[in-house]
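Notes follow the structure.
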Amino acid sequence: MAELDRERILAKLAELESYLEELRGIMPQSFTEYQRSTEKRRACERLLQLAIEATVDICALIVKGLRLGLPGEEDDLFERLHRAGVISERMCRRLREMKGLRNILVHEYARVDDRLVYEVLQHELGDFLAFKEEILKFLREFAPS
123 MAELDRERIL
133 AKLAELESYL
143 EELRGIMPQS
153 FTEYQRSTEK
163 RRACERLLQL
173 AIEATVDICA
183 LIVKGLRLGL
193 PGEEDDLFER
203 LHRAGVISER
213 MCRRLREMKG
223 LRNILVHEYA
233 RVDDRLVYEV
243 LQHELGDFLA
253 FKEEILKFLR
263 EFAPS
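Here the sequence shown is numbered in our numbering, starting from 123 and rising by one per residue.
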């Protein structure tokens with residue numbers, strides 16, 4: 123029988139929400155403002171990175187709890203969750219894209235595209251909320267409290 127660490131998953135979801143709230147609080151209103159403020163730009167990048175890492179951590183906790191096997195890499199986490207019916211195909215694709223952005227933010231810092239990051243901040247933070255909803259729905263169905 124699979125055993126999910128429900129409390130840890132919920133704690134990670136709360137952590138994710140706190141990163142998103144902080145992001146919303148500091149996000150510049152225009153791209154020009156975003157480019158001009160190095161501190162805000164770096165803070166937004168870091169919070170975005172932390173939010174993505176929280177989603178990856180949640181995925182890893184569920185894969186482990188459901189005993190879906192040892193993923194070879196992070197993309198494997200998303201595929202395994204999709205195949206198990208935990209997340210939608212669309213969410214699986216979005217998570218792969220998020221992870222790609224996180225890798226750019228972390229490993230290829232000189233190549234960070236400010237316009238891309240700003241667009242993500244303006245238009246794609248809802249993907250994190252959709253992820254949270256899919257996970258909460260799964261938790262309600264899998265392990266009602």
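Ideal Cβ placement from N, Cα and C applies to all residues, glycine included. Being a predicted model, the structure only gives us computed values, none of them experimental.
Practice task
Locate the alpha helix (DSSP H) running through GLY187, then write down its first and last residues.
Solution key: As a working note, residue 187 is residue 65 in the sequence shown. Segment 160 to 187, the alpha helix (DSSP H) holding GLY187.
Practice task
Specify whether the region 237 to 246 and the region 145 to 153 touch according to this definition: at least 3 beta carbon pairs, one from each stretch, less than 8 Å apart.
Solution key: yes
Problem - Length-filtered (4 minimum) alpha helix (DSSP H) runs lying within the region 228 to 266 - result: 236 to 245 and 248 to 264
Practice task
Compare the beta carbon distance of ALA165 and TYR141 with 7 Å and say whether it is the shorter of the two.
Solution key: Residue mapping note: residue 165 aligns to position 43 of the sequence shown, counting from 1. Residue mapping note: residue 141 aligns to position 19 of the sequence shown, counting from 1. No, the pair does not count as a contact, with Cβ atoms beyond the cut-off.
Exercise for the section: Ignore the nearest five residues each way along the sequence and tell me which others in GLY187's own chain have a CB closer than 7 Å to its CB. Expected result: To locate residue 187, count along the sequence shown from 1; it is residue 65. Only ALA124, GLU125, LEU126 and ASP127 meet the Cβ criterion.
Handout entry: Nearest-angstrom Cβ-Cβ length linking GLN171 and LEU227, presumed shorter than 8 Å
Key = For the purposes of this step, residue 171 is identified with residue 49 of the sequence shown, where counting begins at 1. For the purposes of this step, residue 227 is identified with residue 105 of the sequence shown, where counting begins at 1. Yes, GLN171 and LEU227 are in contact; Cβ-Cβ is about 5 Å, under 8 Å.
Problem - Under the three-state DSSP convention, the category GLU195 falls into - result: The residue labelled residue 195 in the question sits at position 73 within the sequence shown. Looking at GLU195 - three-state DSSP - the assignment turns out to be coil, as it is neither helix nor strand.
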